[in-house]
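Have a look at the structure below, then the notes.
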Amino acid sequence: MSEFDYEELGLVAGLEIHQQLDTATKLFCACPTELRDPGAADHALTRYLHPTRSELGELDEAALEESQVEREFEYLAYDTTCLVEEDDEPPHRLDDEAVATTLEIAALLDMTVVDQVQVMRKLVIDGSNTSGFQRTALVARGGAIETDEGTVRVEDLLLEEESAQRVAETESGVRYSLDRLGIPLVEIGTKPDISSPAQARAAAERIGMLLRSTGKVRRGLGTIRQDVNVSIAEGARVELKGVQSLDDIDDIVRNEVRRQVALLEIADELAERDATVGDPVDVTGVFAETDSGVIGGALDDGGSVMAVPLYGFDGLVGRELQPDRRLGTELSDHAKRHGAGGIFHTDELPAYGVAAAEVNDLREAVGAGPDDAVAIVADDDETASQAIAAVAERAEVAMEGVPEETRGANDDATSRYLRPLPGAARMYPETDVPPVEPDPSEVEVPELLTEKAARYEEEYDLDAGLAEQVATGRRWNLFEQGVDAGVDASLAAGTVESTVTELRRDGVPVEYLAGRHFLETFELLADGELAKEGVGDLLAALAESPELSAAEAADREGLGSAGEDEVREAVVAVVERNADQVEAEGMGAFSALMGECMGELRGQADGDLVSDVLREEIGKRA
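Position 389 of the sequence shown, counting from 1, maps to 1188 under our numbering, and the rest follow consecutively.
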């Protein structure tokens, strides 16, 4: 796909970055921020949620649409969750650690902290919160970041509670897990200053670097999510939610621009054709003898087939908007929101067991000609009726252009319809949590990861690549403590980065390695009780038996550091065993014998010491 002229199109975009904080306890209770396996749940509870009116008596449009599908929400609870997550106990005060970290982030973004942090309720009835709302608090406003394409202003910084983790779809609704609900989360929203996909990615990368510079944010899949708001001059603002990877942001923006351009072109063609959308029609009789498994299955269950004629839409319902997503896919998304499995439409029929004769009969039944299209939904009577009405409504909007809406990001950088854009009616004050008056004067601004990498390169003489790897990794603090303990900087850096990577590739469960394992390993190295060659074997042993101390694991694995006398004894034995080769090759035998010596000592000796002694012993006999 060729790149658009984004300036000509009037592309405007903004970011919302959601980052979990690495705190000991949750935002509104003392429960640990520990994620659990659903199988460890010790009880479950059920909720049915519905929208409530704001203080002004208004209903939020997005919440209202969500409520039209009746669903049962099941929540898995654990011995590490409490009544606050279950919405059976009022929330506690804001977590001090979360507030302190948020103030550090505000300082890094050069933002102005508010005088008083007031918690609000944000209406959410998709089941991701047991209460039917998410608690959120504005902490700071008015910052900025720099990119190569210009300044991107930061509008606000909010401290929020993370939602419950979606576990599975059930026959009656959705199952959630309460372990994630309440983990502190910051939301950073930018102004719509972004004018290209590349700048969107650069801005997100910059914000991500600033967040990681605190050393107090969670890392890994699902701990950071990016939402992108995108519009073009003749289009509309669309919120793209749940971009998991920074690598996808530029593609997400490109594909949304492509979608909006295509929708505008379709709207122009529909206007030229004087297109209209007809009324839904029950066409069950057309498919009484169908061979379509989908339609036949619905009819066998007592359901019906509903159709809507789309006059003037022929060939446009199948028009591609994004890779493998068409206008028909958009219509199908709306049908799915009302419980249907999807739609069929005449731009793709006959197919899926629907015969050509049935297509002709369908057109005749709704009065559609060769320039028209027809969309159908087969399901139980109520679902089919609601779904086809939603399809008709979306088709009406197609004649106008691009609708404002919230869409979900797909793994392939395309997107799907989720719900209308939320409005102000979803927010109202939280009366159970007292406000906090933050003191930004006490905040120490952390060192940026870019500055840290430069310092490592200069102070510890690390090469640029390794310095950046350590600075941006998760164990930079362990590296610094190792160097402070007396371990060579290159060895400490390699231990926390490349050694762990190699062990992971070999299938070692490195996720069980805790900070103390590294620190105890560094102590053994500094005290001369462990050779650097034994570090990998020791960490592997600790990963397999994390309950052991480094000293205990070293003893069990026989990884104590050999002294010079022990090294010389082993080297002499190897040299004497290979006397003929030494006599014939002299120092040329060094490489082969070095490997044999290290194997003999089984990682218990420093390689430099072994090398020196071996050269000396070969020299005596050459």
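Virtual Cβ for every residue (Gly too), placed ideally from N, Cα, C.
Asked                                                                                                            : Found
Local conformation of Pro1245 per DSSP, three classes                                                            : coil
Nearest to Glu1346 (by Cα), restricted to the options Glu986, Leu1324, Ala1313, Leu1109                          : Ala1313
Uninterrupted alpha helix (DSSP H) stretches inside the stretch 931-1018 (no shorter than 4 residues)            : 996-1012
Beta bridge counterpart(s) of Glu1119 as assigned by DSSP                                                        : Arg1125
Validate contact between the stretch 1147-1155 and the stretch 1176-1195 using beta carbons, cut 8 Å, 3 pairs    : no
Close Cβ partners of Pro1239 (< 6 Å) along its chain, the five nearest in sequence each way excluded             : Leu902, Val912
Residue-level contact to chain B via CB, Lys825, 9 Å cutoff                                                      : As a matter of chain content, chain B is missing from the structure shown, which is built from one protein chain.
The stretch 821-828 touching the stretch 886-897, judged by at least three CB pairs closer than 8 Å              : yes
Three-state secondary structure assigned by DSSP to Pro1108                                                      : strand
His842: first and last residue of the uninterrupted beta strand (DSSP E) it sits in                              : 842-846
Where Asn1459 sits in the DSSP three-state scheme                                                                : A question about residue 1459 goes unanswered here, because the residues of the chain that appear run from 800 up to 1421.
Buried versus exposed call for Leu1261 [16 or more other C-beta atoms within 10 Å across all chains shown]       : buried
CB-CB length for Asn1420 against Val1374, believed under 8 Å                                                     : In the sequence on display, residue 1420 carries Arg and not Asn. Going by Cβ atoms, the distance from Arg1420 to Val1374 rounds to 7 Å, so yes, they are a contact pair.
Option nearest Ala843 by Cα separation, candidates Glu948, Asp978, Val1060, Gly813                               : Asp978
Buried or exposed (CB count within 10 angstroms, at least 16 for buried), Ser976                                 : buried
Residue ranges of each alpha helix (DSSP H) within the stretch 1274-1334, 4 or longer                            : 1275-1283, 1288-1293, 1299-1304, 1314-1325
Residues near Ala1106 in its chain [Cβ-Cβ closer than 6 Å; skip 5 each side]                                     : Val1080, Val1082, Val1165, Val1173, Ile1175
Asp1405 classed as buried or exposed, judged by whether at least 16 other C-beta atoms fall within 10 angstroms  : buried
Coil, strand or helix - Ala1174 by DSSP                                                                          : strand
Residues near Glu1192 by beta carbon distance below 8 Å, same chain, minus five either side                      : His1133
In DSSP terms, what Ile904 is bridged to                                                                         : Answer is none; Ile904 lacks a bridge partner.
For Ala1292 and Glu1267, the rounded distance between their alpha carbons                                        : 10 Å
Ile1065 and Val1027 closer than 9 Å at C-beta                                                                    : no
Which of helix, strand or coil DSSP assigns to Asn1028                                                           : strand
Sub-9 Å separation of Ala1194 and Leu1120 beta-carbons                                                           : no
Residue(s) in a DSSP beta bridge with His1144                                                                    : Ala1174
Inter-residue Cα distance where the pair is Glu873 and Gly1114                                                   : 43 Å
Burial state of Tyr1255 (16 or more Cβ within 10 Å)                                                              : buried
Every unbroken alpha helix (DSSP H) within the stretch 1184-1247, with a cutoff of 4 residues, ordered by chain  : none
Pairwise C-alpha distance: Gln917 and Val1235                                                                    : 7 Å
Endpoints, the alpha helix (DSSP H) within which Met1393 is located                                              : 1389-1400
Other residues of its chain near Ala1074: CB distance less than 7 Å, five sequence neighbours each side excluded : Tyr1110, Gly1111, Phe1112, Met1198
DSSP-derived helix/strand/coil call for Val811                                                                   : strand
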